[in-house]
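Colleague:
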Amino acid sequence: MARALLNVPAKAKRGEVIAIKTLISHEMETGFRHSTTGVPVPRNIITSFVVNYNKEEIFRAVLFPAIAANPFITFYTVATESGTIAFEWTGDNGFSATESATITVE
Amino acid sequence: MHGHDGRRSRRDILKAASALAAGCGAGVLVRPARATPASMQTAIRNVVSSATVKPGKVALDIPPLVENGSTVAVSVAVESPMTPTDYVKAIHIFTEKNPQPNVISIHLGPRAGRATVATRMRLVDTQKIVAIAELSDGSFWSDTVEVVITLGACLEEII
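Written as structure tokens, this is what we have:
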């Protein structure tokens, strides 16, 4: 299981725009490189990143090989209600990782 | 070759460094064709179809001079009130000379509150980067930045 780091505020005021930062460990092998013997190194990247806030999708990204290793993605959302924000990364070779954070909205 | 005390001299290290750089350059010659400005236009057309893309509303923030192309911090901010009737639907980033023109496609909704995203990308060479935003009214806006790369994301495997 890849290691993921999340930065989600634990508390927020209702209606506040909060910043969410995510980082996941992944080599993001482009598929454009060759080994020293000239053999192409197969592509192995994260292709999709989806964020659900209380089961409603708030953010979705399609990633390509041009995203640097250990994809770091920052975005914003409105703190609407207390609950769970769930993050899901999927990629080549059946890669899948999930992580979640709880938020209290006052 | 080596310094009189057995340690590597400054000259040796410089020689090794330039050999490494040359190896990286050699790899450039044999790898598959890169994305060209034309293939970037095709990739953009696939996203916007027949709509016209107007410059403005989008601010693509990327350092103009990058030393290491393997990780380049990039952020895109779009001017939008982000209300249920007027919001940013999607943000795309394209490159001109990377092996593939697409970098990332992001889908947002009015719940984002602020149409600003940031990530880190790879850049193989000095080139133009284009960010395109799709608004809820179906219009497309773009921003283009020219980035100078000192050392590109090396595509050669060095083991």
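Chains as they are written, first to last, in the numbering used here: chain A, 43 to 148; chain B, 141 to 299. The C-beta atom is built at its ideal place from N, Cα and C for all residues, glycine as well. Because the structure is a prediction, the values reported are computed rather than measured.
(1) Please name the residue or residues paired with ALA183(B) in a DSSP beta bridge.
(2) Which residues in the same chain have their Cβ closer than 6 Å to the Cβ of PRO51(A), if we skip the five residues on either side of it in sequence?
(3) Grouping DSSP H, G and I as helix and E and B as strand, with all else coil, what is ILE135(A)?
(4) Would you say ILE100(A) lies against chain B (beta-carbon separation less than 8 Å)?
(5) Measuring alpha carbon to alpha carbon, tell me which residue in ILE269(B), VAL285(B), VAL188(B), ILE231(B) is nearest ARG254(B).
(6) Taking the beta carbon of THR119(A) as the centre, do at least 16 other beta carbons fall within 10 Å, making it buried, or is it exposed?
(7) Measuring from the CB of ILE184(B), is there a heavy atom of the ligand ZN at a distance below 7 Å?
(8) Are the beta-carbon atoms of LEU263(B) and GLU207(B) separated by less than 8 Å?
(9) When the distance is taken between beta carbons, is ILE269(B) closer than 8 Å to PHE280(B)?
(10) Can you pull the DSSP bridge partners for TYR227(B)?
(11) What is the DSSP secondary structure of VAL188(B), counted as helix, strand or coil?
(12) Looking at the C-beta of MET180(B), does it have a partner C-beta in chain A at a distance below 8 Å?
(13) Could one say the Cβ of VAL243(B) lies closer than 8 Å to chain A's Cβ atoms, at least one of them?
(14) What in chain B is Cβ-close to PRO51(A), meaning under 7 Å?
(15) In three-state DSSP terms, what is ALA61(A)?
(16) Quick one, which residues of the segment 232-263 of chain B are near chain A if we go by CB-CB under 7 Å, in chain order?
(17) Given that VAL59(A) touches chain B, what residues does it touch there, using C-beta distances under 9 Å?
(18) Hey, how far is the Cα of ALA143(A) from the Cα of ILE127(A)?
(19) Who pairs with PRO195(B) in a beta bridge, going by DSSP?
(20) With a threshold of 8 Å between beta carbons, is THR211(B) in contact with chain A?
(21) Using a Cβ-Cβ cutoff of less than 8 Å, which residues in the same chain neighbour VAL228(B) once the five nearest sequence positions on both sides are dropped?
(22) I believe THR89(A) touches THR132(A) by the beta-carbon criterion, under 8 Å. Please report the beta-carbon distance rounded to the nearest angstrom.
(23) For ALA46(A), name the three-state secondary structure that DSSP assigns.
(24) By the 9 Å beta-carbon criterion, what residues does the segment 106-117 of chain A contribute toward chain B?
(25) What would DSSP say about PRO82(A), mapped onto helix, strand or coil?
(26) Is the beta carbon of PHE117(A) closer than 8 Å to that of VAL187(B)?
(27) Could you list which residues in chain B have their beta carbon closer than 8 Å to that of THR119(A), in chain order?
(28) Going by DSSP, what residues sit across from ARG260(B) in a beta bridge?
Modeller: Let me lay it out:
(1) According to DSSP, which records beta bridges pairwise, ALA183(B) is partnered with nothing at all.
(2) Within the same chain, ILE60 come within 6 Å of PRO51(A) by CB-CB distance, once the 5 residues on both sides are set aside.
(3) It is Asn, not Ile, that sits at residue 135(A) in the sequence shown. ASN135(A) falls in the helix class under three-state DSSP.
(4) Look at ILE100(A): its C-beta is under 8 Å from a C-beta on chain B.
(5) Comparing Cα-Cα distances from ARG254(B) to each of ILE269(B), VAL285(B), VAL188(B), ILE231(B), the minimum goes to ILE231(B).
(6) Flag for THR119(A) reads buried.
(7) Absence of the ligand ZN from the depicted structure is noted, as is the absence of any ligand whatsoever, leaving it without description.
(8) In this structure, GLU207(B) does not lie closer than 8 Å to LEU263(B) by Cβ.
(9) Result no, Cβ atoms of PHE280(B) and ILE269(B) do not sit closer than 8 Å.
(10) Per DSSP, none; premise fails for TYR227(B).
(11) When secondary structure is reduced to three states using DSSP, VAL188(B) falls in the helix class.
(12) Contact with chain A is absent for MET180(B), since none of that chain's Cβ atoms lies less than 8 Å from the residue's Cβ.
(13) Yes, VAL243(B) lies at the interface with chain A (some Cβ there is under 8 Å from its Cβ).
(14) Residues of chain B whose Cβ lies closer than 7 Å to the Cβ of PRO51(A) do not exist, since the nearest Cβ in that chain is about 13 Å away.
(15) Of the three classes helix, strand and coil, the one that applies to ALA61(A) here is strand, per DSSP.
(16) Interface annotation for the segment 232-263 of chain B against chain A: THR235, ASN238, PRO239, GLN240, ASN242, VAL243, ILE244, SER245, ILE246, HIS247, LEU248, GLY249, ARG251, ALA252, GLY253, ARG254, THR256, VAL257, ALA258, THR259, ARG260, MET261, ARG262, criterion Cβ-Cβ distance under 7 Å.
(17) Here the neighbours are MET222, ALA252, GLY253, ARG254.
(18) Distance between the alpha carbons of ALA143(A) and ILE127(A): 5 Å.
(19) Answer is SER282(B), bridged to PRO195(B).
(20) Yes, because at least one Cβ of chain A sits closer than 8 Å to the Cβ of THR211(B).
(21) Within its own chain, the residues whose Cβ lies closer than 8 Å to the Cβ of VAL228(B), once the five positions on either side in sequence are excluded, are VAL218, SER220, MET222, LEU248, ALA252, ALA255, ALA273, GLU274, LEU275, SER276, listed in chain order.
(22) The Cβ separation is near 7 Å, so the contact holds.
(23) Strand, per DSSP.
(24) Within the segment 106-117 of chain A, those residues whose Cβ lies closer than 9 Å to any Cβ of chain B are, in chain order, PHE106, PRO107, ALA108, ILE109, ALA110, ALA111, ASN112, PRO113, PHE114, ILE115, THR116, PHE117.
(25) In the structure shown, PRO82(A) falls within a strand segment according to DSSP collapsed to helix, strand and coil.
(26) Cβ distance not < 8 Å, so VAL187(B) and PHE117(A) don't count as in contact.
(27) In chain order: ARG251, ALA252, GLY253.
(28) DSSP, once it has assigned bridges, lists ALA213(B) as partnering ARG260(B).
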